[in-house]
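Working notes, structure below.
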Amino acid sequence: MSTVIGTKENPWPLKTPPQTSEYEMYKDEKDGKAILVCTVGKTVLHYDYRCINDLQEMLKQHGDWIELGSADEQKPAKEGTVEAWGRSPENPIGGWYGLKKGFRGRFGMYVPPLMEALGLAEVEHNPRNNRMRAL
């Protein structure tokens, strides 16, 4: 068995920022593109893998805590949050990091704990209104 973490065989075990739900993520490839596969129960979401480096760079430039602001794709994201940045035409890819239509949201819920697990960011773990910052 592989000891490499972050693969389909050995995904990152993660918890949402409030520590209330468990989920898994791993790096994969789809149509020649590196992606993050996020499995929450029976729901599977995909995010562009470059979101990790892009988000870390944005956090470094921001220089302070930023609210996560997680929201489903169908709901508007609160301005000035990680969620809003993850779907903004102003981010490095010019739009959504989420790749599965109908499941492109929740960027602010599922990507920050991975960033924390990778040692790239600090994430708060309050019941609501959590924030993150670069390390």
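Add 1055 to the 1-based position in the sequence shown for the working numbering, that's all there is to it.
In this text, a Cβ means the ideal position worked out from N, Cα and C, and glycines have one as well.
- Within the same chain, Asn1065 come within 8 angstroms of Thr1058 by CB-CB distance, once the 5 residues on both sides are set aside.
- Beta-bridge pairing by DSSP links Gly1153 to Tyr1102.
- Setting aside the 5 residues that flank it on each side, Gln1111 is surrounded in the same chain by Met1170, Leu1175, Ala1176, Ala1189, each with a C-beta closer than 8 angstroms to its C-beta; the list follows chain order.
- A straight-line Cα-Cα distance of about 34 angstroms links Asn1185 and Asp1086.
- Counting along the chain, no beta strand (DSSP E) covers Pro1168; the unbroken alpha helix (DSSP H) around it starts and ends at 1162–1172.
- If you look at Glu1077, you'll find it in the beta strand (DSSP E) that goes 1077–1085.
- Per DSSP, the continuous beta strand (DSSP E) segment holding Ala1189 begins and ends at 1186–1189.
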